[in-house]
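Under my numbering, the residue at position 135 of the sequence shown is numbered 135, and the numbers go up by one with no gaps.
By construction, the Cβ of each residue, glycine as well, lies at the ideal position given by its N, Cα and C atoms.
Keep in mind it's a predicted model, so treat the numbers as computed, not measured.
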Amino acid sequence: MRILFLGDVMGRTGRDAVVAALPVLRRDLKIDVAVVNGENASHGFGLAPDMAEALFAAGADAITLGNHSWDRKEIIPYIAQQKRLIRPLNYPPGTPGEGVVDMTLADGRRVLVVQVMGRLFMDAMDCPFRAAEAVLARARLGVTHAAILVDFHGEATSEKMAFAHAFDGAVSAVLGTHTHCPTADCQVLPGGAAFMADVGMCGDYDSVIGMGKAPAIARFTRKMPGERLQPAEGEATICGALIETGVDGRALRIEPIRLGGRLARAMPSA
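Put into structure tokens, the structure is as follows:
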């Protein structure tokens, strides 16, 4: 199976780039499942329902969120009825939406997409390890599901790495989001889990993690609130990863994707 995962979509620039590129990537890379993190799609803060629909129409099979899940309040009723949009699994009980989506492909294969959020330097959350354990007690890689993908939304690479090693062999991939900076640690772990600490964002990299430079610099230099941060609007780089799995659901390879914009191009072979 070939799985495409695209990192945090940042503002209009990122949305437009992903909507344009996703159908082409699906075709050229022979993608079976495409997952997109959309939590920054609306002006850098949250996701609006119409933006989610545009990403689904472009070819996203599932959309994940993160710490900006509720910045657009209209997403709350939408997430209750759109099961392919998920927020972190380890939000407290009673939070709207779900943290997993269980999809059945046209050929009958089942794919589980899970999102958890880290706790280091993030909001107080339930334990992502325990939350994932409860789900994976019911889903067995290569038995009940042909692939299991985890989006780990967090700041600390150590927490993401620890999670990936903890569930190596139980999932197909653990892919990091949130920092908006693609890391160079693509690898398949010994038990067969593909890992990348952060896949990066889909947005303008002539920026401060996707936001306009001057207001972001001012916050660091003056230590005072100022102009509201707005997404940079130059050409976007689409960042993500391609994961290919075997018949047992374990990863055979992971390769980074960087397309357009300022970053060095990286495109997997078909």
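- Gly-203 sits close to Ala-236, with the two beta carbons spaced by under 8 Å.
- Secondary structure of Arg-110 (DSSP, three-state): strand.
- Asp-50 sits in a helix when the DSSP states are folded into three classes.
- The beta carbon of Val-208 lies closer than 6 Å to those of Ala-216 in the same chain, with the five residues before and after it left out.
- Beta-bridge analysis with DSSP links Leu-175 to Asp-151 and Met-196.
- Minimum Cα-Cα distance from Gly-7 among the listed residues His-153, Thr-221 and Lys-73 corresponds to His-153.
- Taking each of Val-100, Arg-228 and Asp-168 in turn and checking the Cα distance to Gly-249, the smallest one comes out for Asp-168.
- When the five nearest sequence neighbours on each side are left out, the beta carbons in the same chain lying within less than 7 Å of the beta carbon of Val-36 are those of Leu-6, Val-9, Val-18, Leu-55, Ala-60 and Ile-63, in order along the chain.
- Contact between Pro-93 and Ile-79 is ruled out by a C-beta separation of about 16 Å, above the 8 Å threshold.
- The alpha helix (DSSP H) runs of length 4 or more contained entirely in the segment 188–233 are, from start to end of the chain, 213–222.
- Taking 8 Å as the upper bound for CB-CB distance, Pro-182 and Asp-198 are in contact here, some 6 Å apart.
- According to DSSP, residue pairing for Met-117 in a beta bridge involves His-153.
- Around the beta carbon of Gln-115, a 10 Å sphere encloses 16 or more other beta carbons of the protein chains shown; the residue is thus reported as buried.
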